[in-house]
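Numbering (the working numbering), first residue to last: -7 to 438.
Scroll down for the structure; my scribbles are underneath it.
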């Protein structure tokens, strides 16, 4: 059984790598096209919009992570979970309405917050609102991708989550070929958003058929008249899943204020040129760092099942072995970027961009620290042990809000990067590696 599980996650990992290579080449191609054919202000607008992706994840309410852990637990004890998936699929719609209404309520202040320092921003507030709603729906429908991952069919997960970027690059290239670069920013934004939406919608309807929706809706009057409705809901698997998801959501909320404030702060303190430089390096590192994250996603269900069987030593060994490989990977990547820097500038072909060696070195250190954090957080997430993570993230958020703003305001782009490194080291590296192996075993969902 152990050999079978190892083969399963290795198959998922290598399938994920193959798909990521195709998607990564597409993203790199799209990045080059964007830098070459957009002016610096439009590219900065695009970068700030891309940065919202991490915040839109909050709309999933942590249900994807909770669902994946629940399915792993059910598989370990051989329990059926089909009915839960149907109920969750129906619950998605009121959640979508709530977050869409919330976004429409605040999209104008958010638009100003992000783009007020960009001279003559091309993106209109109304298109920004429409794209935001589409992103919210995409995130919610994408919850059901995690079913494939939990069932050790991770190759489907990686196809669903990456094929949209391939379509985006193809659409952008064809548009440039036939129509040059007129309205290119709009085309990139739409091609980045719409394919992923339709793919997630199609996957969603694999788990909830139209006839099932009609049947469940017809049962609503009966449920409402049931005097024991709230008592049944309180003890149902769905409510337990929502409770678990809320813990993940809270950790993601604090994480967003800790690790995804960089672009919001840059929008207040840095010029468009610095935002563009930061985004290009960030995209390069995040693209290649995603290969390591495939390892983490692939071993997550293995860690969850080992935790259910109280095999903590096996989980610890799996995490540390992958972390050592990942650190070596980042070191090689940073050295490669430094060596190839002149050639990269030629490929990007934008006279407003410069890549300084100290900036690249700090980016490398930040990604090593990020690797430590993500590795041990996955270990804790697989156990659904959120209290320790939330406490740690709370202190990270306090440091992040203060340090990043003042360091970028007084010392510019490099000041922002050093501030990020200080936050990672002082809160994640010094604590998380020692917390995970001491975390006691607990039952995920009974």
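Backbone N, C-alpha and C fix where the C-beta goes; we use that ideal spot for every residue, glycine too.
Judged by DSSP in its simplified three-state form, residue 368 adopts helix. Contact between the region 331 to 342 and the region 384 to 391 is not established, with fewer than three Cβ pairs separated by less than 8 Å. In this structure, residue 149 sits near residue 140, with a CB-CB distance shorter than 7 Å.
Counting the other CB atoms within 10 Å of its CB gives residue 422 a total below 16, which places it among the exposed residues.
In this structure, DSSP gives residue 136 a helical state, which the three-state scheme calls helix.
In this structure, the straight-line span from the alpha carbon of residue 243 to that of residue 171 is close to 45 Å.
In this structure the region 65 to 74 does not touch the region 259 to 278; the number of beta carbon pairs closer than 8 Å is below three.
About 5 Å separates the CB atoms of residue 114 and residue 34; that is less than 8 Å, so the two are in contact. A residue is called buried when at least 16 other Cβ atoms come within 10 angstroms of its Cβ; residue 184 meets this threshold and is buried. Cβ contact annotation for residue 267 (same chain, cutoff 8 Å, sequence separation greater than five): 36, 39, 40, 255, 258 and 259, in chain order. Just measuring C-alpha positions, the residue of 299, 321, 300 and 399 sitting nearest residue 277 is 321. In terms of Cα proximity to residue 106, the closest of 370, 253 and 379 is 253. Following the DSSP letters along the chain, one finds residue 278 inside the alpha helix (DSSP H) bounded by residues 264 to 300.
If you ignore the 5 residues before and after residue 381, its C-beta comes within less than 7 Å of the C-beta of 243, 369 and 372, all in its own chain and listed in chain order. Residue 93 counts as exposed, since fewer than 16 other beta carbons sit within 10 angstroms of its beta carbon.
Under the DSSP assignment, residue 76 falls in the alpha helix (DSSP H) whose first and last residues are 74 to 107.
Contact annotation, residue 131 with residue 48: C-beta distance approximately 5 Å; criterion of less than 8 Å satisfied.
DSSP places residue 199 in the uninterrupted alpha helix (DSSP H) bounded by 176 to 199. According to the DSSP assignment, residue 113 belongs to no alpha helix (DSSP H), since it is labelled neither H nor E. Looking only at 133, 181, 248 and 180, the smallest Cα-Cα distance to residue 195 is reached by 133. Around the Cβ of residue 53, a 10 Å sphere holds 16 or more other Cβ atoms; the residue is buried. Contact check for residue 409 against residue 354 passes: the beta carbons are separated by less than 7 Å.
For residue 70, the three-state secondary structure derived from DSSP is coil. Residue 54 carries a coil assignment under DSSP once its states are collapsed to helix, strand and coil. The distance from the Cβ of residue 265 to that of residue 32 is about 6 Å, consistent with a contact at the 8 Å cut-off.
In this structure residue 349 does not touch residue 336 by the C-beta definition: roughly 12 Å separates them, more than the 8 Å allowed.
In this structure residue 415 touches residue 392 by the C-beta definition: roughly 5 Å separates them, less than 8 Å. Looking at 233, 86 and 309, the one whose alpha-carbon comes closest to that of residue 128 is 86. In the three-state scheme derived from DSSP, where H, G and I count as helix and E and B as strand, residue 308 is classed as helix.
Note that the C-beta distance between residue 142 and residue 63 is below 7 Å. Relative to residue 145, the option among 383, 401, 289 and 315 whose CA is nearest is 289. Judged by their CB atoms, residue 193 and residue 79 are not nearer to each other than the 7 Å cut-off. In this model, residue 135 and residue 98 are separated by some 24 Å (Cα to Cα). At the C-beta level, residue 189 and residue 179 stay beyond 7 Å of one another.
A residue is called buried when at least 16 other Cβ atoms come within 10 angstroms of its Cβ; residue 424 meets this threshold and is buried.
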